[in-house]
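Down below is the structure, laid out as structure tokens.
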Amino acid sequence: MQAQEKPYLTGRTFLFNILKGEDLLQAVEGFCIHHGIECGLIQGIGAVEQATFSIYNQKTKKYTKIVKNEEMEMLSLSGNISLFDDHPMTHTHITLSDKEGRAWGGHLMAGTKVFAAEIFIQELTGDSKTRKKDKATGLSLWPNPVALR
Amino acid sequence: MQAQEKPYLTGRTFLFNILKGEDLLQAVEGFCIHHGIECGLIQGIGAVEQATFSIYNQKTKKYTKIVKNEEMEMLSLSGNISLFDDHPMTHTHITLSDKEGRAWGGHLMAGTKVFAAEIFIQELTGDSKTRKKDKATGLSLWPNPVALR
Amino acid sequence: MQAQEKPYLTGRTFLFNILKGEDLLQAVEGFCIHHGIECGLIQGIGAVEQATFSIYNQKTKKYTKIVKNEEMEMLSLSGNISLFDDHPMTHTHITLSDKEGRAWGGHLMAGTKVFAAEIFIQELTGDSKTRKKDKATGLSLWPNPVALR
Numbered sequence: 004m005q006a007q008e009k010p011y012l013t014g015r016t017f018l019f020n021i022l023k024g025e026d027l028l029q030a031v032e033g034f035c036i037h038h039g040i041e042c043g044l045i046q047g048i049g050a051v052e053q054a055t056f057s058i059y060n061q062k063t064k065k066y067t068k069i070v071k072n073e074e075m076e077m078l079s080l081s082g083n084i085s086l087f088d089d090h091p092m093t094h095t096h097i098t099l100s101d102k103e104g105r106a107w108g109g110h111l112m113a114g115t116k117v118f119a120a121e122i123f124i125q126e127l128t129g130d131s132k133t134r135k136k137d138k139a140t141g142l143s144l145w146p147n148p149v150a151l152r
Numbered sequence: 004m005q006a007q008e009k010p011y012l013t014g015r016t017f018l019f020n021i022l023k024g025e026d027l028l029q030a031v032e033g034f035c036i037h038h039g040i041e042c043g044l045i046q047g048i049g050a051v052e053q054a055t056f057s058i059y060n061q062k063t064k065k066y067t068k069i070v071k072n073e074e075m076e077m078l079s080l081s082g083n084i085s086l087f088d089d090h091p092m093t094h095t096h097i098t099l100s101d102k103e104g105r106a107w108g109g110h111l112m113a114g115t116k117v118f119a120a121e122i123f124i125q126e127l128t129g130d131s132k133t134r135k136k137d138k139a140t141g142l143s144l145w146p147n148p149v150a151l152r
Numbered sequence: 004m005q006a007q008e009k010p011y012l013t014g015r016t017f018l019f020n021i022l023k024g025e026d027l028l029q030a031v032e033g034f035c036i037h038h039g040i041e042c043g044l045i046q047g048i049g050a051v052e053q054a055t056f057s058i059y060n061q062k063t064k065k066y067t068k069i070v071k072n073e074e075m076e077m078l079s080l081s082g083n084i085s086l087f088d089d090h091p092m093t094h095t096h097i098t099l100s101d102k103e104g105r106a107w108g109g110h111l112m113a114g115t116k117v118f119a120a121e122i123f124i125q126e127l128t129g130d131s132k133t134r135k136k137d138k139a140t141g142l143s144l145w146p147n148p149v150a151l152r
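In structure tokens, the structure reads:
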């Protein structure tokens, strides 16, 4: 049977934009480190001058990088903050659209250049959540995953 | 004139991952039932081994099911929790990307197998929100929709 | 060095649906004005009878409008509320899928007709955030963007 999951308390709430030309991943992660945000939710919208994201290959357990050398709308940035090696680490997925409105996306990587980005962060406080290498997926995941079976 | 909508209070906040191999919809809905979450917001990212979602046909008032038998990134899971027939029911839409980064999505259905899923739930407390069959759309919707006209 | 960003406090929380036939942008913005929500986060899902969104051309600094005269799922509505000319203004991006499940999206514009829309708004209270014309992008942005460099 599934255990009771311990809830978090909501901490600080931030809403900010990022300067044109900054690297999106580095700016969001830098913001979290600078403000000592160790756990939380990330949401955002905006536009980018170019995008770099990746798709995880579940067989080879390696990321395939996709680079879009074109300006795109950022339809959504969605992710979270937790600890990895005692440092705040963000994990975010980005959804983009090209000039015809077609949507693309993947795991946000360094190399995504901000044109404009409006980011919401809800800090969570409580027991810290720490990523550890997970053998089954090859990813760094949180312990005690929810299982119905 | 539009009535004043009564605000909710924020309740418990959860951040958790789901075990590889679980059914995404059943795991999220099972989590809500297990923890007695009757109203709230759902957000999430991750990856799936295969996806099942549907598109609502507004004329025939039936869902058309789409099955993707391939691994995909989950760019976003976005939805809510409310009551239906006195039980917590989730309503979530999923946005995915294939190995070329192209985005797809629809109404999340059972048959979406988790590779990794990181889910945020913000419980809301206050007057319970209950879905009831709506004749105009054929959907189960909340009462008193906002109307400007 | 980056300054410390002042956090917001969470205010009222709303969860509501919008009547079939309403204009999505006008209904969400009208809701914010009607309830005096001057700052906040917007999230939503649903379906639309037709969609109108735009893609910003970063060179010409003009929006290109895209109209989809077809019913679509709303995979996510993601955005924020802040002040512009002393009035609440929403900025939201919409992600949609067509009948084959392919995703599209951009900057939400008037002309998007609701079939069903379930909207979450988290009000933020604290120093008001006001948009001002930004020369570098041609957009109306908040002051003091985060810069790592």
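Protein chains in written order, with our numbering: chain A, 4 to 152; chain B, 4 to 152; chain C, 4 to 152. In this text, a Cβ means the ideal position worked out from N, Cα and C, and glycines have one as well. Note that the structure is predicted; figures quoted are calculated from it, not measured.
Integer Cβ distance of residue i from residue j, believed to fall under 8 Å
i, j, result
"Ile84/B", "Glu41/B", "7 Å"
"Ser81/C", "Gln46/C", "6 Å"
"Gly43/A", "Leu127/A", "5 Å"
"Asn20/C", "Trp145/B", "5 Å"
"Gly104/C", "Phe118/B", "Wrong, their Cβ atoms sit about 19 Å apart, outside the cutoff."
"Ala120/B", "Met77/B", "7 Å"
"Val149/C", "Leu18/A", "Wrong, their Cβ atoms sit about 11 Å apart, outside the cutoff."
"Lys9/A", "Asp130/A", "6 Å"
Chain C within 8 Å of residue i, Cβ atoms only
i, result
"Phe56/A", "no"
"Asn83/B", "yes"
"Arg105/A", "yes"
"Glu25/A", "yes"
"His90/A", "no"
"Thr13/A", "yes"
"Glu32/B", "no"
"Gln53/B", "no"
Minimum C-alpha distance to residue i - residue among the options
i, options, result
"Ala113/A", "Val70/A, Lys138/A, Trp145/A", "Val70/A"
"Asp89/A", "Asp137/A, Lys132/A, Arg15/A, Leu28/A", "Lys132/A"
"Phe34/A", "Val51/A, Ala50/A, Thr16/A", "Thr16/A"
"Tyr59/A", "Glu52/B, Tyr11/B, Leu151/B", "Glu52/B"
"His37/C", "Gly108/B, Leu27/B, Gln7/B, Lys68/B", "Gln7/B"
"Leu28/B", "Lys135/B, Arg134/B, Lys138/B, Gly109/B", "Gly109/B"
"Ala50/A", "Thr115/A, Thr67/A, Leu18/A", "Thr115/A"
"Ala54/C", "Lys65/C, Ile124/C, Asp137/C, Gly24/C", "Gly24/C"
"Met75/C", "Lys62/C, Trp107/C, Gln61/C, Thr63/C", "Trp107/C"
"Gln61/C", "Glu32/A, Leu111/A, Lys102/A, Val149/A", "Lys102/A"
"Lys135/B", "Ala150/B, Leu151/B, Leu86/B", "Leu86/B"
"Ala139/B", "Pro10/B, His94/B, Phe123/B, Thr63/B", "Thr63/B"
"Ala30/C", "Gln125/C, Leu111/C, Asp130/C", "Leu111/C"
"Leu12/B", "Gln125/C, Tyr11/C, Gly129/C, Asp137/C", "Gln125/C"
"Leu151/B", "Asp26/C, Pro10/C, Gly14/C, Lys9/C", "Asp26/C"
"Ile48/B", "Ser79/A, Gly39/A, Glu73/A", "Ser79/A"
"Ile202/A", "Phe123/C, His94/C, Asn72/C", "Missing from the structure shown is residue 202/A; chain A here goes from 4 to 152 and no further."
Test: residue i CB closer than 8 Å to a CB of chain B
i, result
"Tyr66/A", "no"
"Gly114/C", "no"
"Lys135/A", "no"
"His110/C", "no"
"Lys132/A", "yes"
Neighbour flag for residue i against chain A, beta carbons, 8 Å
i, result
"His94/B", "no"
"Gln29/B", "yes"
"Thr98/B", "yes"
"Gly47/C", "no"
"Ser79/C", "yes"
"Leu86/C", "no"
"Lys62/B", "no"
Amino acids of chain B, ordered along the chain, whose beta-carbon sits closer than 8 Å to that of residue i
i, result
"Cys42/A", "Leu18"
Closer than 7 Å at the beta carbon, the chain F residues around residue i
i, result
"Lys71/C", "This model lacks chain F altogether, as its protein chains are A, B and C."
Interface residues of chain A facing residue i [CB-CB closer than 7 Å]
i, result
"Leu22/B", "Pro148, Val149, Ala150"
"Ala139/C", "Lys23"
7 Å Cβ cut-off: residues of chain C touching residue i
i, result
"Leu144/B", "Asn20, Ala119"
"Leu8/B", "Rather than Leu, the amino acid found at residue 8/B in this sequence is Glu. By Cβ distance, chain C contributes Phe17, Phe19, His38."
Subject >> Complete beta strand (DSSP E) runs within the segment 29–107 of chain B (minimum length 3 residues, chain order) >> reply: With a minimum length of 3 residues, the continuous beta strand (DSSP E) runs that stay inside the segment 29–107 of chain B are 43–60, 65–71, 75–87, 90–100.
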